[in-house]
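Trainee: Sharing a structure, written as structure tokens. Questions coming.
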Amino acid sequence: MKAILTVLGHDQVGIVAKVSTRLAELNVNIIDISQTLMHGNFTMMMMVTWDDATKFEVIKEKLTDLSKETGLDIKIQREEIFDAIQKL
Amino acid sequence: METNSILETIQMISEEKLDIRTITMGISLFDCIDSDGKKARQKIYDKLTTKAKDLVKVANQIESEYGIPIVNKRISVTPISMIAAASGDSDYVEYAKTMDKAAADLGVDLIGGFTSLVQKGYQKGDDILIKSIPQALTETSRVCGSVNVGSTRSGINLDAVKQMGQVVKNLAKVDPVNCMSLVIFANAVEDNPFMAGAFHGVGEADCVINVGISGPGVVKRALEKVKGQPIDVVAETIKKTAFKVTRMGQFVGNLASEALKVPFGIVDLSLAPTPNEGDSVAEILEEIGLESVGAPGTTAALAMLNDAVKKGGVMACEHVGGLSGAFIPVSEDIGMIRAVNAGNLNIEKLEAMTAVCSVGLDMIAIPGDTTAETISGMIADEASIGVINNKTTAVRIIPATGKKVGDEVEFGGLFGRAPVMAVNTNSPKDFIHRGGHIPSPIHSFKN
Numbered sequence: 001m002k003a004i005l006t007v008l009g010h011d012q013v014g015i016v017a018k019v020s021t022r023l024a025e026l027n028v029n030i031i032d033i034s035q036t037l038m039h040g041n042f043t044m045m046m047m048v049t050w051d052d053a054t055k056f057e058v059i060k061e062k063l064t065d066l067s068k069e070t071g072l073d074i075k076i077q078r079e080e081i082f083d084a085i086q087k088l
Numbered sequence: 001m002e003t004n005s006i007l008e009t010i011q012m013i014s015e016e017k018l019d020i021r022t023i024t025m026g027i028s029l030f031d032c033i034d035s036d037g038k039k040a041r042q043k044i045y046d047k048l049t050t051k052a053k054d055l056v057k058v059a060n061q062i063e064s065e066y067g068i069p070i071v072n073k074r075i076s077v078t079p080i081s082m083i084a085a086a087s088g089d090s091d092y093v094e095y096a097k098t099m100d101k102a103a104a105d106l107g108v109d110l111i112g113g114f115t116s117l118v119q120k121g122y123q124k125g126d127d128i129l130i131k132s133i134p135q136a137l138t139e140t141s142r143v144c145g146s147v148n149v150g151s152t153r154s155g156i157n158l159d160a161v162k163q164m165g166q167v168v169k170n171l172a173k174v175d176p177v178n179c180m181s182l183v184i185f186a187n188a189v190e191d192n193p194f195m196a197g198a199f200h201g202v203g204e205a206d207c208v209i210n211v212g213i214s215g216p217g218v219v220k221r222a223l224e225k226v227k228g229q230p231i232d233v234v235a236e237t238i239k240k241t242a243f244k245v246t247r248m249g250q251f252v253g254n255l256a257s258e259a260l261k262v263p264f265g266i267v268d269l270s271l272a273p274t275p276n277e278g279d280s281v282a283e284i285l286e287e288i289g290l291e292s293v294g295a296p297g298t299t300a301a302l303a304m305l306n307d308a309v310k311k312g313g314v315m316a317c318e319h320v321g322g323l324s325g326a327f328i329p330v331s332e333d334i335g336m337i338r339a340v341n342a343g344n345l346n347i348e349k350l351e352a353m354t355a356v357c358s359v360g361l362d363m364i365a366i367p368g369d370t371t372a373e374t375i376s377g378m379i380a381d382e383a384s385i386g387v388i389n390n391k392t393t394a395v396r397i398i399p400a401t402g403k404k405v406g407d408e409v410e411f412g413g414l415f416g417r418a419p420v421m422a423v424n425t426n427s428p429k430d431f432i433h434r435g436g437h438i439p440s441p442i443h444s445f446k447n
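Protein sequence lines correspond, in order, to chains A and B. Be aware that the first sequence starts at 1, since it is given in UniProt numbering, and climbs by one per residue. Be aware that the second sequence starts at 1, since it is given in UniProt numbering, and climbs by one per residue.
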């Protein structure tokens with residue numbers, strides 16, 4: 001399953017490390033990554049994949065935990081939604 | 001990875017409050033008809049709880065995995081007046097209770113179809129159903145009812161208009177809030193996913209999924225970027241935005257249809273506001289350049305908005321249906337509430353606006369001492385706009401028992417709060433009491 005992970009929040013040390021460590025623990029592969037600062041806010045997007053389609057809820061839960069620990073806004077959404085809206 | 005598109009989509013959902021307003025499963029009840037009312041109701045309960053067994057689960061899963069909020073899960077059924085007519089029952093309140101129980105057990109928010117179609121005349125079931133409306137809608141919490149009193153093909157049933165004025169009054173007597181579950185239509189559509197007017201038409205398949213979208217906030221934000229530019233640019237911007245919003249509806253409808261193994265019916269291309277800040281149709285009109293909604297120019301701006309939403313949306317989905325247009329409910333739109341409270345918007349202007357958009361005098365509170373005849377007069381006016389202009393119109397007004405102009409009726413949640421608005425107090429009594437039928441209009445010599 002392919003999904004887009006977005007991380008928004010105040011810039012701080014180790015954001016990429018924390019997120020990618022958590023993904024590695026969950027056996028989720030990162031296939032693309034992009035980051036920028038928008039109006040002083042850290043914005044990171046990752047395209048990620050994993051094999052077991054039933055694992056979505058577990059991954060989402062773990063990322064929600066991380067979101068609470070770090071105060072960052074972390075979202076994960078299946079990739080198709082973005083194509084559906086933006087492409088013909 | 002197209003980061004700009006991703007960010008734009010995320011912003012549409014989180015900041016501009018783009019959501020799927022409803023996934024509505026339409027279910028035919030014709031195979032539940034029985035001469036024994038009790039058996040019929042058991043069959044209805046069984047069919048609803050079988051067909052819609054996974055509706056809420058599937059909707060929640062889509063919401064979670066794709067990150068798009070699905071605000072309501074709903075069911076619409078074949079008009080109960082047709083289903084219950086074969087039984088010997090002398091009132092249909094028990095049918096409403098059966099619908100209510102099925103909806104509660106399934107976890108769906110609303111169930112529509114306590115409905116009667118009497119544009120040309122009454123049948124046995126219509127007569128009983130309409131008489132049952134006040135009690136049925138008072139004793140249930142999720143059931144919605146509607147009555148179609150006119151159509152372009154058959155004119156307006158003035159007897160029904162007269163009766164519905166009284167039904168609305170009776171319903172309000174117990175609790176004005178109940179009136180939000182009752183819509184009086186002209187040219188009612190058979191595949192509408194929006195409440196309170198949803199029912200499953202007789203020409204529909206056995207079971208279908210219809211989707212209603214919402215996205216006034218997205219349109220407003222897009223228009224903020226074209227300040228001061230010609231109105232063509234505004235129309236074009238609305239079209240492009242409506243396209244994106246509607247694609248979301250089409251996408252979610254496809255997912256739900258596949259997961260539930262039920263055919264996908266239509267996407268309703270509507271701009272449905274909520275009482276939340278930044279989710280308002282009135283604010284779009286103000287962004288176009290009106291000091292307040294209600295100012296001269298409001299009808300023109302709304303007509304353009306409504307048309308552009310349809311043009312953008314039509315290409316974005318396979319089948320369009322339902323009400324498809326910008327909704328202008330007062331209580332559910334923070335900008336409308338503001339305009340009414342400031343004295344900038346009155347019922348007469350709202351009536352004019354309904355001639356160019358979806359759907360009618362919607363969620364408007366009126367003084368508690370408004371007579372049944374006056375309410376019937378308002379219904380007749382609104383039905384005429386629909387019948388002559390070949391469009392759907394509706395009346396969902398709330399006589400605020402014991403309250404006067406300036407007071408407020410609180411509905412809560414999505415339904416918001418309605419300031420009580422002044423109504424012209426000259427009586428239409430003799431007109432309404434004539435009864436009979438307003439003939440269908442001629443369709444040439446258009447002027």
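Note that the Cβ used here is the ideal one computed from N, Cα and C, for glycine as well. Given the structure is predicted, the values throughout are model-derived calculations rather than measurements.
Can the beta-carbon of Ala339 of chain B be found less than 9 Å from the beta-carbon of Val309 of chain B?
Mentor: Taking 9 Å as the Cβ cut-off, Ala339 of chain B and Val309 of chain B do not qualify as a contacting pair.
Trainee: When you compare the CB positions of Gln119 of chain B and Val77 of chain B, do they come within less than 9 Å of one another, or not?
Mentor: Not in contact: Gln119 of chain B and Val77 of chain B (Cβ atoms no closer than 9 Å).
Trainee: Roughly how many angstroms lie between the CA atoms of Ala235 of chain B and Ala303 of chain B, to the nearest whole one?
Mentor: The straight-line gap from Cα to Cα measures roughly 11 Å.
Trainee: Sort out for me which residues DSSP pairs Leu271 of chain B with in a bridge.
Mentor: Answer is B:Ala326.
Trainee: Quick one: give me the first and last residue of the alpha helix (DSSP H) that Gly313 of chain B is part of.
Mentor: First-last of the alpha helix (DSSP H) with Gly313 of chain B: 298-314.
Trainee: Applying the criterion that 16 or more other CB atoms from any shown protein chain within 10 Å of the CB defines a buried residue, is Met38 of chain A buried or exposed?
Mentor: So Met38 of chain A ends up on the exposed side.
Trainee: Excluding the 5 residues preceding and the 5 following Asp54 of chain B in the sequence, name in chain order all residues of the same chain whose CB lies nearer than 8 Å to its CB.
Mentor: Only Ala259, Leu260 meet the Cβ criterion.
Trainee: According to the Cβ coordinates, are Val143 of chain B and Val108 of chain B closer than 9 Å?
Mentor: Cβ atoms of Val143 of chain B and Val108 of chain B: not closer than 9 Å.
Trainee: Taking one C-beta from the segment 363-370 of chain B and one from the segment 419-427 of chain B each time, how about it: are there three or more such pairs within less than 8 Å?
Mentor: Touching, per the Cβ criterion.
Trainee: Helix, strand or coil for Asn346 of chain B, going by three-state DSSP, please let me know.
Mentor: In this structure, Asn346 of chain B counts as coil in the three-state DSSP scheme.
Trainee: Counting only the same chain and skipping the five closest in sequence on each side, list residues whose C-beta sits under 7 Å from that of Ser181 of chain B.
Mentor: Hits under 7 Å: Leu137, Val143, Cys144, Gly145, Ala196.
Trainee: Who are the near neighbours of Gln77 of chain A in its chain, counting only those whose CB is closer than 7 Å to its CB and skipping five residues on each side?
Mentor: Excluding residues within five positions, the ones whose Cβ falls inside 7 Å are Ala3, Ile4.
Trainee: Measuring alpha carbon to alpha carbon, tell me which residue in A:Arg22, A:His10, A:Gly71, A:Phe82 is nearest Val58 of chain A.
Mentor: The shortest C-alpha separation from Val58 of chain A is found at A:Arg22.
Trainee: Return the CA-CA distance between Ser28 of chain B and Gly321 of chain B, expressed in angstroms with no decimal places.
Mentor: Distance between the alpha carbons of Ser28 of chain B and Gly321 of chain B: 18 Å.
Trainee: Please check if any C-beta of chain A sits within less than 9 Å of the C-beta of Ser270 of chain B.
Mentor: No, Ser270 of chain B does not count as interfacial toward chain A.
Trainee: List, in chain order, every chain D residue whose beta-carbon is nearer than 8 Å to that of Ala84 of chain A.
Mentor: Checking the listed chains, one finds no chain D in this structure; the protein chains it contains are A and B.
Trainee: For Leu106 of chain B and Ala52 of chain B, what's the separation of their Cα atoms in angstroms?
Mentor: Going by the C-alpha atoms only, they are around 7 Å apart.
Trainee: Return no unless some Cβ of chain B is closer than 9 Å to the Cβ of Gln77 of chain A.
Mentor: For Gln77 of chain A, the answer is yes, since a Cβ of chain B falls inside 9 Å of its Cβ.
Trainee: Can you list, in chain order, the residues of its chain with a C-beta nearer than 7 Å to that of Cys32 of chain B? Leave out the 5 residues immediately preceding and following it.
Mentor: Cβ neighbours of Cys32 of chain B beyond the five flanking positions: Ala40, Lys43, Ile44, Lys47, Ile83.
Trainee: Determine contact between the segment 221-236 of chain B and the segment 283-299 of chain B, defined as no fewer than three beta-carbon pairs at a distance below 8 Å.
Mentor: Short answer: they touch.
Trainee: Using the C-alpha atoms, what's the distance from Gly228 of chain B back to Thr22 of chain B?
Mentor: Between Thr22 of chain B and Gly228 of chain B, the C-alpha separation is close to 35 Å.
Trainee: Runs of 4 residues minimum, wholly inside the segment 169-235 of chain B: which ones carry the alpha helix (DSSP H) assignment?
Mentor: The qualifying runs are 216-224.
Trainee: In or out: Met99 of chain B buried (at least 16 other Cβ within 10 Å) or exposed?
Mentor: Classification of Met99 of chain B: buried, given that the 10 Å Cβ count is 16 or more.
Trainee: Per DSSP, Glu80 of chain A is paired with what?
Mentor: According to DSSP, which records beta bridges pairwise, Glu80 of chain A is partnered with nothing at all.
Trainee: Between which two residues does the beta strand (DSSP E) holding Met363 of chain B run?
Mentor: Here the beta strand (DSSP E) through Met363 of chain B covers 360-367.
Trainee: Between which two residues does the alpha helix (DSSP H) carrying residue 453 of chain B extend?
Mentor: Nothing can be reported for residue 453 of chain B: it is not among the residues displayed for chain B, which extend from 1 to 447.
Trainee: Of the choices A:Ile74, A:Asn41, A:Phe56, whose alpha-carbon is the least far from that of Val64 of chain A?
Mentor: In the sequence as displayed, the identity of residue 64 of chain A is Thr instead of Val. Here the closest residue by C-alpha is A:Ile74.
Trainee: If you draw a straight line from the alpha carbon of Asn390 of chain B to that of Val161 of chain B, how long is it in whole angstroms?
Mentor: Rounded to the nearest angstrom, the two C-alpha atoms are 18 Å apart.
Trainee: Could one say the Cβ of Thr43 of chain A lies closer than 9 Å to chain B's Cβ atoms, at least one of them?
Mentor: It does: the Cβ of Thr43 of chain A has a partner Cβ on chain B nearer than 9 Å.
Trainee: If contact means a Cβ-Cβ distance below 7 Å, which residues of the segment 23-41 of chain A contact chain B?
Mentor: Answer set for the segment 23-41 of chain A: Asp32, Ser34.
Trainee: CB-CB under 7 Å to Ile80 of chain B, same chain, minus the five flanking residues each way: which ones, in chain order?
Mentor: Cβ within range, chain order: Tyr92, Tyr95, Gly113, Phe114, Thr115, Leu129.
Trainee: Counting C-beta neighbours from all protein chains within 10 Å, is the total for Glu291 of chain B 16 or more, i.e. buried, or is it exposed?
Mentor: So Glu291 of chain B counts as exposed.
Trainee: For the segment 347-366 of chain B against the segment 395-412 of chain B, do three or more pairs of beta-carbon atoms, one drawn from each stretch, fall closer than 8 Å, so that the two count as touching?
Mentor: Result yes; three or more Cβ-Cβ pairs closer than 8 Å.
Trainee: Using three-state DSSP, classify Phe264 of chain B as helix, strand or coil.
Mentor: Note: Phe264 of chain B maps to strand in three-state DSSP.
Trainee: So the candidates are B:Glu8, B:Met25, B:Lys97, B:Ile68; which of them puts its Cα closest to the Cα of Lys38 of chain B?
Mentor: Checking every option, the nearest Cα to that of Lys38 of chain B belongs to B:Lys97.
Trainee: Below 8 Å, how does it come out for the segment 1-10 of chain B and the segment 56-65 of chain B: are there three or more Cβ pairs, yes or no?
Mentor: No, they do not touch.
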